[in-house]
Amino acid sequence: MLCHCDSQQPFSLCCEPLLRGAPVPTPLALMRSRYSAYRLGLGDYLVQSWHPDTLGGLTADELAQTGLDTDWLGLAIVFARGGQQDQEGEVEFRVRYRDAGRVVVLHERSRFLRHQGRWVYHSGQFNPPKIGPNQPCPCLSGKKYKQCCGRR
621 MLCHCDSQQP FSLCCEPLLR GAPVPTPLAL MRSRYSAYRL GLGDYLVQSW HPDTLGGLTA
681 DELAQTGLDT DWLGLAIVFA RGGQQDQEGE VEFRVRYRDA GRVVVLHERS RFLRHQGRWV
741 YHSGQFNPPK IGPNQPCPCL SGKKYKQCCG RR
């Protein structure tokens, strides 16, 4: 079975190990596994992978129910920044889902931090400013966006 995160990888090699407790190596891997957790209604994973300073009053039950009640249609990654040695990273993505019979696109640039030695979701900016094709790529590769993450 292909992974729920649209990586085109088998679930058993992609998000499943992370959802079962394997260390998350990068913000991108955490973003993908959180999307899979929403689709599967794994509220405990979502709470554990959320920075406590920004979780607020959200509960595992609320997050699980939200995930299960949503008709998810797909995840597309715009760019990702942050590796195993970093303390901070970003992932910009678009998620499509169906709400009241219409397709909705949630576009967010998420901020991830290391907290107690592991990656966690901190916060996000909805509908972030568009990156121009000749601007530097936000993944910090040193290339122009159109020659890097803009090619996806």
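FYI, the numbering for the sequence shown is 621 to 772, going by my numbering.
Cβ coordinates follow ideal geometry from the N, Cα and C atoms, glycine included.
Model, not experiment: these values are computed from the prediction.
Residue i: first and last residue of the uninterrupted beta strand (DSSP E) it sits in
i	result
ALA696	691-701
TYR665	Run containing TYR665: none in the beta strand (DSSP E); it sits in the alpha helix (DSSP H), 663-668.
LEU733	722-735
Nearest-angstrom Cα separation, counted from residue j out to residue i
i	j	result
PHE774	GLY752	There is simply no residue 774 to check, as the chain begins at 621 and stops at 772 in what is shown.
GLN704	PRO645	5 Å
LYS763	CYS757	6 Å
SER669	PHE732	10 Å
LEU683	HIS742	16 Å
ASP706	ARG734	8 Å
ASP626	LEU688	17 Å
PRO748	GLY641	31 Å
Buried versus exposed call for residue i [16 or more other C-beta atoms within 10 Å across all chains shown]
i	result
GLY737	exposed
PRO647	buried
ARG722	exposed
LEU663	Looking at the sequence itself, residue 663 is Gly, so the reference to Leu does not match. Buried, by the Cβ-count rule.
Residue i - containing alpha helix (DSSP H), residue span
i	result
SER653	647-660
Option in the options with minimal Cα separation from residue i
i	options	result
LEU666	ALA680, THR674 and ARG659	ALA680
MET651	TYR765, LEU633 and GLU712	GLU712
ALA696	THR686, ASP689 and ARG714	ARG714
ASP719	GLU636, THR690, LEU662 and ASP673	THR690
GLY661	HIS671, THR686 and THR674	THR686
HIS624	ALA657, LYS750 and ARG729	ALA657
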